[in-house]
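Line by line, the protein sequences are chains Z and L.
For the first sequence, the numbering used here begins at 36 and goes up steadily by one.
For the second sequence, the numbering used here begins at 36 and goes up steadily by one.
Each residue gets a CB set at the ideal place from its N, CA and C atoms; glycine is no exception.
Remarks on the structure that follows.
Number of protein chains: 2
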Amino acid sequence: MDLSSFITSLTTSFIIFVILMVLFAWLSTKPGNAVVYYPNRILKGLDPWEGSGSKTRNPFAWIREAFSSSEEDVIRMSGVDSAVYFVFLSTVFGILLISGIFLVPILVPVSITEQNSFLMDSTGNTSAFEVLDKLSMAHLKEKSSRLWASVIACYWVSIVSYILLWKAYKHVSDLRAAALKSTEVKPEQFAVLVRDIPPSSKDCSRKEQVDEYFKTIYPETFYKSLVVTENKEVNKIYEELEDCKKKLKRAQTIYADSKKVNPEGVVQTHKTGFLGLTGKKVDSIKYYTEKIEELTPKLEAAQKSTVAEKQQGSAVVFFTSRVTAAAAGQSAHARMIDTWTVTDAPEPRQLLWSNLPKTYYEREIRQYVVYYIVFLTICFYMIPIALISSFTTLPNLRKLLTFLKPLLDQVTVRTVLGAYLPQLALIVFLALLPKFLLFLSKAEGITSESHAERAASGKYFYFSVFNVFIGVTIGGTLFDSFKEIQKKPNSIVDKLATSLPGNASFFITFVALKFFVGYGLELSRIVPLIIFHLKRKYLCKTKEDLEEAWLPGDLGYPTKIPNDMLILTITLCYSVIAPLILPFGAIYFGLGWLVFRNQVLKVVVPKYESYGKMWPHIHVRILASLLLFQVTMLGYFGIKKFIYTPVLIPLPIITFIFAFVCSKKFYRFFKSTALEVVAPRELKESVNMETVYRSFIPPCLNAEKGPGEQFDESV
Amino acid sequence: MDLSSFITSLTTSFIIFVILMVLFAWLSTKPGNAVVYYPNRILKGLDPWEGSGSKTRNPFAWIREAFSSSEEDVIRMSGVDSAVYFVFLSTVFGILLISGIFLVPILVPVSITEQNSFLMDSTGNTSAFEVLDKLSMAHLKEKSSRLWASVIACYWVSIVSYILLWKAYKHVSDLRAAALKSTEVKPEQFAVLVRDIPPSSKDCSRKEQVDEYFKTIYPETFYKSLVVTENKEVNKIYEELEDCKKKLKRAQTIYADSKKVNPEGVVQTHKTGFLGLTGKKVDSIKYYTEKIEELTPKLEAAQKSTVAEKQQGSAVVFFTSRVTAAAAGQSAHARMIDTWTVTDAPEPRQLLWSNLPKTYYEREIRQYVVYYIVFLTICFYMIPIALISSFTTLPNLRKLLTFLKPLLDQVTVRTVLGAYLPQLALIVFLALLPKFLLFLSKAEGITSESHAERAASGKYFYFSVFNVFIGVTIGGTLFDSFKEIQKKPNSIVDKLATSLPGNASFFITFVALKFFVGYGLELSRIVPLIIFHLKRKYLCKTKEDLEEAWLPGDLGYPTKIPNDMLILTITLCYSVIAPLILPFGAIYFGLGWLVFRNQVLKVVVPKYESYGKMWPHIHVRILASLLLFQVTMLGYFGIKKFIYTPVLIPLPIITFIFAFVCSKKFYRFFKSTALEVVAPRELKESVNMETVYRSFIPPCLNAEKGPGEQFDESV
């Protein structure tokens, strides 16, 4: 990449960023958009515009607000998981900043003053260096003693990383402890999940069996058990009923609105067939009222039969003491691992009920199968995509989808399709990949949404590092010069030596694009804004509809963290080779901190709270990036024929030891709850065990009239 | 080894065995020897000669008694650990017997009928086969289709092993559960060990700190804590005092005895200097009485100051509930792994007090250092021994130890020393090795005797397999034909092919020697008998002295199990190559079962009870032997140029999977106690927590007059 295209790319990204920021400043002050730009505050019952309340507020106030917000604010507004994400951003920002402060002013002059106008000396191709390459290690001669500066830089980057990561792990551990220590009553702290309940030999129900088992072991602290049931059928009825209720309300609202215009009102009708397009025309209000009357007793009957007859081999067990629950989650209850598996309970809202009854062996086998599928996906995903691409050509489309023929014959459509069709499969694949990985992670038999998202995030990390980073760097190089290498296999090393720094400028523009355009879109929320306004205009009838239309999502860890990790991996790996990438990486994480501070405080609403369990996962992957950097540098120094290359060998070893020590020291507390943290302390409110118990009853079983009681009696 | 020397060796061993058995049959019926042959029964307060009581009992009655004894008898007389040892013996016996039933009648005829009078065909050396080798796989031609029989045999041995091992693991797990479930009060089930207690920030004693910490977490079930103290000083005084008491008693007894002869009595005197040889002559009774009077208050003062001032960073904590103690041992109490480490308590008698205060990091570092030392010892122990041997030659001895000159100049002494001196260092080393390994294991920071013995046993296993088996088989071969291999490096494979079966007959005699002579000595107890009678005659004065003289040891797991394992490894590895070894191996374990049944019921007294924690250790090592067998066979089939060799590749893989599944399924219950096992049940006696607590106070702190109280108050 030459200098002009490099600058063009940066400028374009920056202009898009400025436009989006102006849009944000303008749009976010409009009161009608408050639900798009401040949904989290509104949901928490706070005034969207903090304090001031004036409509003509400073459009850059959000920056001040983000900086002045404390970690406690983040935890209060969005939970520990969000605070951990900021620890991640600030730690990585710190690593890149401190590395940059040392590396840029030292390595750049060292490179630029080297007398070396030949690069491809081995191939005899004396090309003058690009300006950008002059700033990088590529400009250093082979065996040059100036490489010592790069060696020191490698150690500097590594040591900075170790220190900051250690501090961060400690800090996150404190955050987690503070949250778990909290005197608020959290239902999940009083419960454990019990899986693999063996078939009872005696003639008793599952519930009796579970109750007896735990009452024997914990005669004093056992409270109640909630046996997991097969809810498919009852859930279907429940959802149908809820849907009818919603539709009835909507029909009533429309009818009431129509009365305002016409005193008689327009009777709402709809067709009962497919998508409301076919079938008999009926009076909506009457139809839905009848349907609700019909479904309500059906639901009650289904609830009763489910609770009585469809009990599965797993349960949620409640204790009256947090310590007992925490200790139970860590203790072997049965002699064999495949019976009475007891684990900590996640929050009720993120419990994956359908995974609970999966047996131990099923889970183990599923896990290995999923790992295998992920391995295949990461390594060979190009094969099916290439196959599909070869079929989705214009001629094929015309042949197969004959009804599209008139459309496909238009010139503009053909041009656009001709350009995008070949990549269509890849684009669809990449868009669906996070969902696919999340689906796979859930298929492993994981019990909580947060755990499944962590697992999916890990898989995505491997995919992106393997395919984007390694793919672009090495694959690109090899592919470009495939023929040359065929002739002279030894030239592969020289090729890599020249192309590695060359790729740096590509990655710098990649990082810049990511933060300028990515954060611009994130902050300005253009897409959700448009969708919200469209929905409000054409679809929303009732207040609930409207609320649903602006309801914000969560941060989306399964894709966000692997993406950040990819940027970190790229930045770290090029940090010594092309130190200019460091400021860009630092801006990515610094700006990210600022933008997401705003998002977390005002926009996104977390789906769950895992009390920072994400951190060990992030920590290990940062270390993996660091390791990749160190190994890359080892290789690159080798290519530079630097005879002191072995002085770098301790670095990967230190990284392994550091990872081992950290996992030994900190990890256990993230895996399970330390008892000292939940030791008896005056709780804010006295624990109402019935409320704790009820919070775990799935909504489809939780009918309005005394559901819990019914739930108990019918057993 | 040719046939005649093979038969000679077997016959010699057998004759020694017969002589020892006759000796045993004769000596064991003598009432004076009852304390040597029935100490366990005597200590348990039982009649040495079960039931009959007549002195002219059948000398072979022990065989009938051993066979008729049940597993419950073993557990009652010697604990679960001994029962587990019999499970090991019977399982291995079963594996070898069932393998032998199939392998001997099939593989031997297959080998013997092969038309192959040439072995060293590749070297052109047409030696006629020895009779023994004709029975082995060596007699099969290369690429012979008869090798299929051997392939099937490999599978047969492996599958039999898997099935029997699985059953055994299940059975041992049941034994352990039954023992832990027992309604007898066992102090260790109410206690946990606490290590790595962090320095207290507040101004309070360790004990207050521990009490507060555990009272907060377990407000209802916490009973008391016992802080570990630095007992070196108080222990020294205590031992001195105990020694004085013993000596006083002895002097009094001798004086009383002398009165019977001479009414005045002979006043006991001794010298106070080195070894009683130098110094002032004093009246023993007076001297010791004074000394005791002097030491008793000193001990009390030392006890007080120790308890008050020498508290260490670890403690034993007692709970009033078995479930709490079991759960506490499995739970993380603190957030960091290096503080408040809580583990299950072992029995008080096997607690290694001095290891308790070692900190987490010290333990980790010690562990790695010990592993490293063991690795060096296993691989390079010959080097220092060779060095020492080169110094301990006769001329050197004469030069260095001039006072031995006249002795060394005698011809007979010189002949004997000349024969044994070169191996002296090796003999001393091998004799001290188990003790050295036990010392190393304790240096790791392990908290219980049983765990340390397991660790030592594991180390000894690697030593013996590596040095004896691999050393003899491969090393011997290579060394013998070193020059030939130098000339023709390819001949190494042929050498191995011929020498492997050749070694078989050596190992058969080795196994036979082990069981004929080893078990003969074990059963007849000639050495302890002689020592006892010598002691009784010359040293024992008081009743206590006499009791000490016949007090039997325990089974000695750290050397016994690795030795058995070595035999098993050898037998398994040769089972298919030379199936004749199988009956010998089976006899080793079958006869071992019989002999040790007698020993366990009547002689040995176990030092500790670990409730079968030895089993996972044994299980893994049996599988390691099986793996070695499978890998050896893979190699040997390769040497035989059998093109279907890869059909054996699944075997090692299955072994790994089997080991993994077993460890997953069973191991957790051996690592820690399953809660369902210790769930509240009516205990035989109501738990006297004070007794439980006191049983853990080390004897040197447990003075006679109200020691526990003093212990508590002074804190």
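Is the Cβ-Cβ distance between F501(L) and I605(L) less than 9 Å? Within the second sequence, the letter at position 466 stands for residue 501(L). Within the second sequence, the letter at position 570 stands for residue 605(L). In this structure, I605(L) does not lie closer than 9 Å to F501(L) by Cβ.
Between L200(Z) and V115(Z), which are expected to be in contact by the criterion C-beta below 8 Å, what is the C-beta distance as a whole number of angstroms? Within the first sequence, residue 200(Z) is the residue found at index 165, counting from 1. Within the first sequence, residue 115(Z) is the residue found at index 80, counting from 1. So it is not a contact: roughly 19 Å between Cβ atoms.
How about P254(Z): is its C-beta nearer than 9 Å to some C-beta of chain A? Note that chain A does not occur in the displayed structure, where the protein chains are Z and L.
For V648(L), the nearest candidate out of K250(L), A212(L), M724(L) (CA to CA): Within the second sequence, numbered from 1, the residue matching residue 648(L) stands at position 613. As written in the sequence, residue 648(L) is Lys, which differs from the Val given in the question. The shortest Cα separation from K648(L) among K250(L), A212(L), M724(L) belongs to A212(L).
Which residue's Cα is closest to the Cα of G129(L): V227(L), L603(L), K321(L)? Counting from one through the second sequence, the residue named residue 129(L) turns up at place 94. Measuring from the Cα of G129(L), the nearest candidate turns out to be L603(L).
Contact criterion: CB-CB distance below 9 Å. Does D373(L) meet it with respect to chain Z? Position 338 of the second sequence, counted from the start, is the residue given in the question as residue 373(L). Yes, contact with chain Z.
On a Cα-Cα basis, can you pick out the residue from K576(Z), H305(Z), Q347(Z) that is closest to V262(Z)? Residue numbering aside, residue 262(Z) sits at position 227 when the first sequence is read from its first letter. Here the closest residue by C-alpha is Q347(Z).
Which runs of the alpha helix (DSSP H) spanning at least 4 residues fall entirely within the region 167-223 of chain L, listed in chain order? 182-216
Proximity winner among E397(L), I194(L), L62(L), L38(L), relative to L662(L) (alpha-carbon distances): On the second sequence, position 627 is the one that residue 662(L) refers to. Answer by Cα proximity: I194(L).
For P222(Z) versus T726(Z), is the C-beta spacing smaller than 9 Å? Here the question's residue 222(Z) lines up with position 187 in the first sequence. Here the question's residue 726(Z) lines up with position 691 in the first sequence. Yes.
Which residues mark the beginning and the end of the alpha helix (DSSP H) in which Y406(Z) is found? In the first sequence, the residue the question calls residue 406(Z) occupies position 371. Where Y406(Z) is concerned, the enclosing alpha helix (DSSP H) stretches over 395-415.
Given a limit of 7 Å on CB to CB distance, which residues of the region 703-730 of chain Z reach chain L? R703, F704, S707, A709, L710, E711, V712, A714, P715
Where DSSP assigns a beta bridge to K306(L), which residues make up the other side? As a first step, residue 306(L) must be located in the second sequence, where it is residue number 271. Answer is K316(L), bridged to K306(L).
Using a C-beta cutoff of 9 Å, does Q365(L) count as contacting chain Z? Position 330 of the second sequence holds residue 365(L). It does: the Cβ of Q365(L) has a partner Cβ on chain Z nearer than 9 Å.
Under 8 Å Cβ-Cβ, which residues of chain Z neighbour V358(L)? As a first step, residue 358(L) is located in the second sequence; it is residue number 323 there, counting from the start. Under the 8 Å cutoff, chain Z gives I252, Y253.
In angstroms with no decimal places, state the Cα-to-Cα distance between N737(L) and V269(L). For the purposes of this step, residue 737(L) is taken as the residue at position 702 of the second sequence. For the purposes of this step, residue 269(L) is taken as the residue at position 234 of the second sequence. Rounded to the nearest angstrom, the two C-alpha atoms are 11 Å apart.
So who's on the other strand from F257(L), going by DSSP bridges? Translated into the one-based positions of the second sequence, residue 257(L) becomes position 222. The partner list for F257(L) (beta bridge, DSSP) reads F354(L).
Taking the alpha carbon of K284(L) as the point to measure from, which residue in D580(L), L615(L), V635(L) has its own alpha carbon closest? As a working mapping, residue 284(L) is identified with position 249 in the second sequence. Closest by alpha carbon: D580(L).
Is D589(L) near F123(L), with beta carbons less than 9 Å apart? Start at 1 with the first residue of the second sequence, and residue 589(L) comes out as number 554. Start at 1 with the first residue of the second sequence, and residue 123(L) comes out as number 88. No, Cβ-Cβ distance for D589(L) and F123(L) is not below 9 Å.
Would you tell me roughly how many angstroms separate the C-alpha atoms of I597(Z) and A490(Z), rounded to the nearest one? The count along the first sequence starts at 1 and reaches residue 597(Z) at position 562. The count along the first sequence starts at 1 and reaches residue 490(Z) at position 455. Residue identity check: residue 597(Z) is Pro in the sequence provided, not Ile. About 11 Å.
Local conformation of G493(Z) per DSSP, three classes: Position 458 of the first sequence holds residue 493(Z). Correct three-state label for G493(Z): helix.
Applying the criterion that 16 or more other CB atoms from any shown protein chain within 10 Å of the CB defines a buried residue, is Q150(Z) buried or exposed? Here residue 150(Z) refers to the residue found at position 115 of the first sequence. Result: exposed.
Residues sharing a beta bridge with Q346(Z), DSSP: Here residue 346(Z) is taken as the residue at index 311 of the first sequence, counted from 1. In the DSSP output, where bridge partners are listed per residue, Q346(Z) has T264(Z).
F349(L) to I674(Z) span [Cα, whole Å]: The residue labelled residue 349(L) in the question sits at position 314 within the second sequence. The residue labelled residue 674(Z) in the question sits at position 639 within the first sequence. Here residue 349(L) is Ser; the residue named in the question, Phe, does not match the sequence. So the alpha carbons of these two residues sit roughly 54 Å apart.
Cβ-based neighbour list, F49(L), same chain, cut-off 7 Å, excluding 5 preceding and 5 following: Within the second sequence, numbered from 1, the residue matching residue 49(L) stands at position 14. Once the five neighbours on either side are set aside, the close Cβ partners of F49(L) are F551.
For K237(Z), would you say it is in contact with chain L, using Cβ-to-Cβ distances shorter than 9 Å as the test? As a working mapping, residue 237(Z) is identified with position 202 in the first sequence. Closer than 9 Å: no.
Could you confirm whether any beta carbon from chain Z is found closer than 9 Å to the beta carbon of A343(L)? Counted from its first residue, the second sequence places residue 343(L) at position 308. No, A343(L) does not count as interfacial toward chain Z.
Thinking C-alpha only, which one of G80(Z), T126(Z), L228(Z), S39(Z) is nearest Y623(Z)? Looking up residue 623(Z) in the first sequence gives position 588. Nearest of G80(Z), T126(Z), L228(Z), S39(Z) to Y623(Z), Cα basis: T126(Z).
So, with DSSP's three-state summary, where would you put S146(Z)? Within the first sequence, numbered from 1, the residue matching residue 146(Z) stands at position 111. Correct three-state label for S146(Z): helix.
Once you ignore the five residues that flank T256(Z) on each side, which residues in its own chain have a CB closer than 6 Å to its CB? Numbered from 1 along the first sequence, position 221 holds the residue referred to as residue 256(Z). The residues are F354, T355, S356, T359.
Between which residues of its own chain and N68(L) is the CB-CB distance below 7 Å, once the five residues before and five after are set aside? Taking the first residue of the second sequence as 1, we reach residue 68(L) at position 33. Contacts found: L62, L564.
Sequence-distant residues of the same chain with beta carbon closer than 6 Å to T158(Z), five excluded per side: The residue you call residue 158(Z) lines up with position 123 of the first sequence. Reliability fails at T158(Z), whose pLDDT of 43 lies under 50, so the model's placement of it is uncertain and the value that follows must be treated cautiously. The answer is none, since no qualifying residue turns up.
Among the residues of its own chain, which have a CB less than 6 Å from the CB of W375(Z), if the five just before and after it don't count? Working through the first sequence from its first residue, we reach residue 375(Z) at position 340. Excluding positions up to five away in sequence, the list reads H368, A369.
Have a look at M417(L), A613(L), L55(L) and flag the residue whose alpha-carbon is nearest the alpha-carbon of L28(L). Not covered by the structure: residue 28(L). The range shown for chain L is 36 to 750.
Would you say H368(Z) faces chain L, with C-beta separation under 9 Å as the test? Taking the first sequence and counting its residues from 1, the one referred to as residue 368(Z) is at position 333. Yes - at least one Cβ of chain L is within 9 Å of the one on H368(Z).
CB of E479(Z) within 9 Å of CB of R398(Z), strictly: Counting from one through the first sequence, the residue named residue 479(Z) turns up at place 444. Counting from one through the first sequence, the residue named residue 398(Z) turns up at place 363. Yes, the Cβ-Cβ distance between E479(Z) and R398(Z) is below 9 Å.
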